[in-house]
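Novice:
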Amino acid sequence: MLILPGSDALSAFRKQKLLSVMQESVPSVTQLGASFQHFIKSARELSEGEQLQLEKLLDYGEISHDAAASGELFLVTPRPGTISPWSSKATDI
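Every letter in the sequence shown is one number past the one before it in the working numbering, and letter 63, counting from 1, is 63.
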């Protein structure tokens, strides 16, 4: 499975708002981050050209720097079998 990093999932305002809510329950939390990750399952290994094309399709913003942060990682994904309108359109392409 190919995993490509994505941009920040939250604006600075939303991060601060979520941090405040989290600190009400867990005061020791000092910071948080959220970024998109793209999981690509292919029936075969992609060629270099195909991978570059895929990376261009998924280039929509600054790559998150939160991935380098230390701390606890929580991976939040859709339920298995969930197909978003975007992913079904990408399959058509």
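We put the beta carbon where it would ideally sit given N, CA and C, even for glycine.
Report the option in ALA9, ILE40 and LEU2 whose CA atom is closest to the CA atom of ILE63.
Specialist: Position 63 of the sequence shown, counting from 1, holds the residue named residue 63. Among ALA9, ILE40 and LEU2, the Cα nearest to that of ILE63 is on ALA9.
Novice: To the nearest angstrom, how far is the alpha carbon of VAL29 from that of GLY49?
Specialist: Position 29 of the sequence shown, counted from the start, is the residue given in the question as residue 29. Position 49 of the sequence shown, counted from the start, is the residue given in the question as residue 49. Those two C-alpha atoms are separated by around 42 Å.
Novice: Return the bridge partner residues of GLN16 from the DSSP annotation.
Specialist: Mapped onto the sequence shown, residue 16 falls at position 16. Among the bridge pairs identified by DSSP, GLN16 is matched with none.
Novice: Can you tell which of HIS38, PHE39, MET22 and LYS41 has the C-alpha that lies nearest to the C-alpha of LEU32?
Specialist: On the sequence shown, position 32 is the one that residue 32 refers to. Closest option to LEU32, Cα to Cα, is MET22.
Novice: Would you kindly report the start and end of the unbroken alpha helix (DSSP H) that includes GLY49?
Specialist: Translated into positions along the sequence shown, residue 49 becomes position 49. Segment 48–57, the alpha helix (DSSP H) holding GLY49.
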